[in-house]
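Each remark here refers to the structure printed beneath this line.
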Amino acid sequence: MRTYLVGGAVRDKLLGIPVRERDWVVVGATVEEMLRRKYVQVGKDFPVFLHPDTHEEYALARTERKTGPGYKGFEVNASPQVTLDEDLQRRDLTVNSIALDEQGTLFDPYGGQADIEARVLRHVSPAFREDPLRVLRVARFAARFANFGFRVADETVLLMKKIVESGELEHLVAERVWRELETALKEQAPVVFVKVLRHCNALKIILPEVDNLFGVPQPEKYHPEIDTGVHTLMCVEQATRLSDDPVVRYATLIHDVGKGVTPESKWPSHHGHEKFGLSLQKDITTRLRVPNEYAQLARLVCEYHTHMHRLRELRPSTLLSLLESLDGFRRPERIQQFLLACEADAKGRTGLEQRPYPQKEMLMAALRAAAAVDVGALLKDRPKPEHDVKSFVRQKRMAAIQAQRGSAEPDANTGEH
Ligand code: CTP
10 MRTYLVGGAV RDKLLGIPVR ERDWVVVGAT VEEMLRRKYV QVGKDFPVFL HPDTHEEYAL
70 ARTERKTGPG YKGFEVNASP QVTLDEDLQR RDLTVNSIAL DEQGTLFDPY GGQADIEARV
130 LRHVSPAFRE DPLRVLRVAR FAARFANFGF RVADETVLLM KKIVESGELE HLVAERVWRE
190 LETALKEQAP VVFVKVLRHC NALKIILPEV DNLFGVPQPE KYHPEIDTGV HTLMCVEQAT
250 RLSDDPVVRY ATLIHDVGKG VTPESKWPSH HGHEKFGLSL QKDITTRLRV PNEYAQLARL
310 VCEYHTHMHR LRELRPSTLL SLLESLDGFR RPERIQQFLL ACEADAKGRT GLEQRPYPQK
370 EMLMAALRAA AAVDVGALLK DRPKPEHDVK SFVRQKRMAA IQAQRGSAEP DANTGEH
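FYI, this note's numbering numbers position 235 of the sequence shown as 244, with every residue one higher than the one before it.
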C-alpha cells in the first residue's frame, strides 16, 4: 500500500500558496485493509476514508466509467490493481493531476507542472466529460487563479462547449451547481467565472437570466458602456473591489436581470425592470435552491437600487419606507450589504468607476435620524393614546428625516437608473 498527496494540495504547493486541504490517494489497498488500519470509511459512492488521527481524506485509487446521465451514473473500479497513473488520468485538470510521494518525488504523467508554469487550465483526458460539473469547476479555478494569469486551454474550451451542447449540464443537481457558484463568488475574480461560462455557452444553462442581458442596450447617458451584460460584469468587478462578501456579490450579479425581458420596442429604456427582475430572481432561487440570505439581499437590491440612486428626490415617507423594507432599524448589517451592492451598480459603468456615491452616507444619516426617535418616550407622552401606534411612530420618524435633510448640504446630482 502506497499513499500520495494529490489534487489541490500539490497544485497549491507548486504555486507557492497556502494549502487549504490535503487529499491523499492510496494505491494497492483494499477496503478491508483500510478498515483494519482504523481508517473510517465516509464515501458512499466510492471508497474514501478519514485518517484515524489527522482526519484527512484518503481515497483508494480508482477508475470511473460513465454508464448513464447524472451524478450517479458511474461504474467505479477501486481494486488494488488500479495504478496511480490510472487514478490521475480520471481527474479533471492537469494541474490537479500531480501526485507527491512520501519521499518528495513528484509524479506528473499529464504535464501538470508545465501547465502550472504556462498558467494553463487544461483537461487531462476525454474522461473530463464524465462529470459535467467540471465545466463549472474550470470556470471557478479560472476565477480563483485569474491574478496568476491562468487561462483555459483552447481544447478544453472546445470540450466544455461539447459538454454544454450534449445537454449534460441540465442533469446537474441544484446543490452542486449552487456550491460552485457560491465558491466562485468568494474567489479573487468572480467575474472570470461568469465570463468563462459565457464563453463556453454554459451561462445560458446555469444563469440564463444573466446571459440574456448581453446584447440589451441601456441609455448611453447613464450607461456609457451601453450593453447590460457588460454593465453587469463591470458591477461584479466593482462589488469584488468593494467587498469580500459573496452575498453582496451575488446580489450585484443579478440586480438588473429584469432588463433582459424589456420588449425590444422599449429599448434602451427599462421602465419597471425592478418588478420583472423580482419574478426572474424567484425562478433562479427555486432552480438553484439559493439560500435565503442570498435571495433576500438580491431581492432588496433588485427592487430598490433605483430608489437608492435617486435618494435625494425621495419624499421622507418613501425614504422611511425604504428603510423599513430593508429592515434597517433591526438589521444595520443588511443595510451595509445593500449599500455596497448599490454602490457597485453606480460605479460599474464605463468612465464612472471612480465617482463618489454620496447616497450611501445620505441613507445612513436618514437611518440615524429616524432611529434616534425615542419610540418608548413618545408612546408614553402621546396626546391621544387611542391613536394608531404604527402611524404615530412613522410620523415622528418622517419628521426626524425631514429635519435631518433640511440641515444636510445639497449634493451633486448623480441620479439615474
Ligand atoms: N476532482 C476531479 N473532478 C471533480 C472533483 C474533483 O477530478 N469533479 C479531483 C481533482 O483532482 C481535484 C481533487 O479531486 O484536485 C480534489 O477535489 P477538490 O477538493 O474539489 O478540489 P481541489 O483541487 O483540492 O481544490 P480546492 O483547493 O478547492 O480544495
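Ideal Cβ positions, reconstructed from N, Cα and C, are used throughout, including at glycine.
What you are looking at is a predicted structure, and each value in this text was computed from that prediction instead of being measured.
- Query: Roughly how many angstroms separate the alpha carbons of L206 and Q404, rounded to a whole number?
  - Reply: Counted from its first residue, the sequence shown places residue 206 at position 197. Counted from its first residue, the sequence shown places residue 404 at position 395. Rounded to the nearest angstrom, the two C-alpha atoms are 50 Å apart.
Looking at the secondary structure, which residues open and close the beta strand (DSSP E) in which Y434 lies? Given that the chain is displayed from residue 10 to residue 426, the structure contains no residue 434 and the question cannot be resolved.
Assumed close pair V257, Q346 - CB separation to whole angstroms, cut-off 8 Å: Start at 1 with the first residue of the sequence shown, and residue 257 comes out as number 248. Start at 1 with the first residue of the sequence shown, and residue 346 comes out as number 337. Going by Cβ atoms, the distance from V257 to Q346 rounds to 5 Å, so yes, they are a contact pair.
Contact under 8 Å by Cβ, P56 with A87 = Translated into positions along the sequence shown, residue 56 becomes position 47. Translated into positions along the sequence shown, residue 87 becomes position 78. In this structure, A87 lies closer than 8 Å to P56 by Cβ.
Please tell me whether H101 and H132 are closer than 8 Å, where the distance is taken between their beta carbons.
Position 92 of the sequence shown, counted from the start, is the residue given in the question as residue 101. Position 123 of the sequence shown, counted from the start, is the residue given in the question as residue 132. His is not the amino acid found at residue 101; the sequence shown has Asp there. Their beta carbons are under 8 Å apart, which means D101 touches H132 by this criterion.
Sufficient close CB pairs (3 or more, under 8 Å) joining the segment 218 to 238 to the segment 266 to 283
yes
Whose C-alpha, out of E352, R71 and T72, is nearest the C-alpha of S252? Stepping through the sequence shown from its first residue, residue 252 is reached at position 243. Looking at the Cα atoms, E352 is the closest of the given residues.
Can you tell me which of G286, T261, H264 and L262 puts its alpha carbon nearest to the alpha carbon of T271?
Position 262 of the sequence shown holds residue 271. Restricting attention to G286, T261, H264 and L262, the CA atom closest to the CA of T271 is found in G286.
- Does the beta-carbon distance from T92 to A108 come in below 8 Å? The residue labelled residue 92 in the question sits at position 83 within the sequence shown. The residue labelled residue 108 in the question sits at position 99 within the sequence shown. Contact flag unset, no.
Legend entry - Assigned secondary structure, H132 (DSSP; H/G/I helix, E/B strand, else coil): For the purposes of this step, residue 132 is identified with residue 123 of the sequence shown, where counting begins at 1. Looking at H132 - three-state DSSP - the assignment turns out to be strand.
Can F157 and L262 be called in contact, C-beta distance under 8 Å?
-> Along the sequence shown, one-based indexing puts residue 157 at 148. Along the sequence shown, one-based indexing puts residue 262 at 253. No. Outside cutoff.
Practice prompt. Return yes when the C-beta of L206 is under 7 Å from any heavy atom of ligand 1, and no when it is not.
Written response: Indexing the sequence shown from 1 puts residue 206 at position 197. Every heavy atom of ligand 1 is 7 Å or more from the Cβ of L206, so no.
Would you say N86 touches ligand 1, meaning its beta carbon is less than 7 Å from a heavy atom?
-> Taking the sequence shown and counting its residues from 1, the one referred to as residue 86 is at position 77. N86: no, Cβ never under 7 Å from ligand 1.
8 Å Cβ shell around I214 - same chain, five flanking residues per side excluded: Your numbering for residue 214 matches position 205 in the sequence shown. Taken in chain order, the residues that qualify are V173, L178 and E179.
Do you know whose CA, among E111, E189 and G113, lies nearest L142's CA? As a position in the sequence shown, residue 142 is number 133, starting the count at 1. For the residues E111, E189 and G113, the minimum Cα distance to L142 belongs to E189.
inquiry  = Give me, in chain order, the residues of the same chain whose beta-carbon lies closer than 6 Å to that of A248; leave out the 5 immediate sequence neighbours on both sides.
reply    = Taking the first residue of the sequence shown as position 1, residue 248 is located at position 239. Excluding positions up to five away in sequence, the list reads V257, R258, T261 and A353.
I need the straight-line Cα distance from D110 to F150, nearest angstrom please. For the purposes of this step, residue 110 is taken as residue 101 along the sequence shown, with counting starting at 1. For the purposes of this step, residue 150 is taken as residue 141 along the sequence shown, with counting starting at 1. Computed Cα separation, rounded: 25 Å.
Shorter than 7 Å, the distance from the beta carbon of G17 to the closest heavy atom of ligand 1, or not?
For the purposes of this step, residue 17 is taken as the residue at position 8 of the sequence shown. Yes.
Legend entry - Nonlocal neighbours in the same chain, by C-beta distance under 7 Å from R31, ignoring five residues either side: Translated into positions along the sequence shown, residue 31 becomes position 22. Non-local beta-carbon contacts of R31 in its own chain, meaning distances under 7 Å to residues more than five positions away in sequence, involve L14, A18 and E65 in chain order.
- For E312, which residues of its own chain have a beta-carbon under 7 Å away from its beta-carbon, when the five flanking residues on both sides are left out? As a working mapping, residue 312 is identified with position 303 in the sequence shown. Only E283 and L287 meet the Cβ criterion.
Restricting to runs no shorter than 4 residues, where is the alpha helix (DSSP H) found entirely within the segment 322 to 389? 325 to 334, 341 to 356 and 368 to 380
### Task
Note down the Cα distance separating T39 from F83, rounded to an integer number of angstroms.
Stepping through the sequence shown from its first residue, residue 39 is reached at position 30. Stepping through the sequence shown from its first residue, residue 83 is reached at position 74. Roughly 20 Å between the two C-alpha positions.
Excluding five sequence neighbours on each side, which residues of the same chain lie with their C-beta closer than 7 Å to the C-beta of D336? Mapped onto the sequence shown, residue 336 falls at position 327. Counting only Cβ-Cβ distances below 7 Å, and skipping sequence neighbours, we find R343.
Evaluate the contact criterion for the segment 312 to 331 versus the segment 194 to 211: three or more CB pairs, one atom per stretch, below 8 Å. Verdict: no, contact absent.
How big is the Cα-Cα spacing for S134 and R99? Sequence index remark: in the sequence shown, residue 134 carries index 125 (1-based). Sequence index remark: in the sequence shown, residue 99 carries index 90 (1-based). Whole-angstrom Cα-Cα distance: 7 Å.
Handout entry: Bridge partner(s) assigned by DSSP for Y259
Key = Numbered from its first residue, the sequence shown carries residue 259 at position 250. According to DSSP, which records beta bridges pairwise, Y259 is partnered with nothing at all.
Helix, strand or coil at V203 according to DSSP, with G and I counted as helix
Counted from its first residue, the sequence shown places residue 203 at position 194. Of the three classes helix, strand and coil, the one that applies to V203 here is helix, per DSSP.
Q: Specify the secondary structure class of R31 as computed by DSSP and reduced to three states.
A: Against the sequence shown, residue 31 aligns to sequence position 22. In the three-state scheme derived from DSSP, where H, G and I count as helix and E and B as strand, R31 is classed as coil.
Could you tell me if the beta carbon of E30 falls within a distance shorter than 7 Å of some heavy atom in ligand 3? By its list of ligands, the structure shown excludes ligand 3, since it contains just ligand 1.
Among V402, Q305, P300 and R46, the one whose alpha carbon lies nearest that of K389:
Residue numbering aside, residue 389 sits at position 380 when the sequence shown is read from its first letter. Ranking V402, Q305, P300 and R46 by CA distance to the CA of K389 puts V402 first.
inquiry  = I'd like the list of long-range same chain contacts for T423, defined as Cβ closer than 6 Å, with 5 residues on each side in sequence excluded.
reply    = Residue numbering aside, residue 423 sits at position 414 when the sequence shown is read from its first letter. Note that T423 scores a pLDDT of 45, beneath 50, so its modelled location is shaky; the value from the coordinates is reported in the next line. The answer is none, since no qualifying residue turns up.
- Query: Cβ-heavy atom distance between N105 and ligand 1 below 7 Å?
  - Reply: Taking the first residue of the sequence shown as 1, we reach residue 105 at position 96. The answer is yes for N105.
Worksheet item: Along the chain, which unbroken stretches of the alpha helix (DSSP H) at least 4 residues long are found entirely within the segment 34 to 97?
Response: List check, alpha helix (DSSP H) in window: 40 to 45.
Local Cβ density within 10 Å of A350, reported as buried at 16 or more and exposed below that | Counted from its first residue, the sequence shown places residue 350 at position 341. Classification of A350: buried, given that the 10 Å Cβ count is 16 or more.
Practice prompt. Identify which residue in R46, D54 and K53 has its Cα closest to the Cα of H60.
Written response: Translated into the one-based positions of the sequence shown, residue 60 becomes position 51. Closest by alpha carbon: R46.
Decide if L44 is buried, meaning its Cβ has at least 16 other Cβ atoms within 10 Å, or exposed. In the sequence shown, the residue the question calls residue 44 occupies position 35. Under this definition L44 is an exposed residue.
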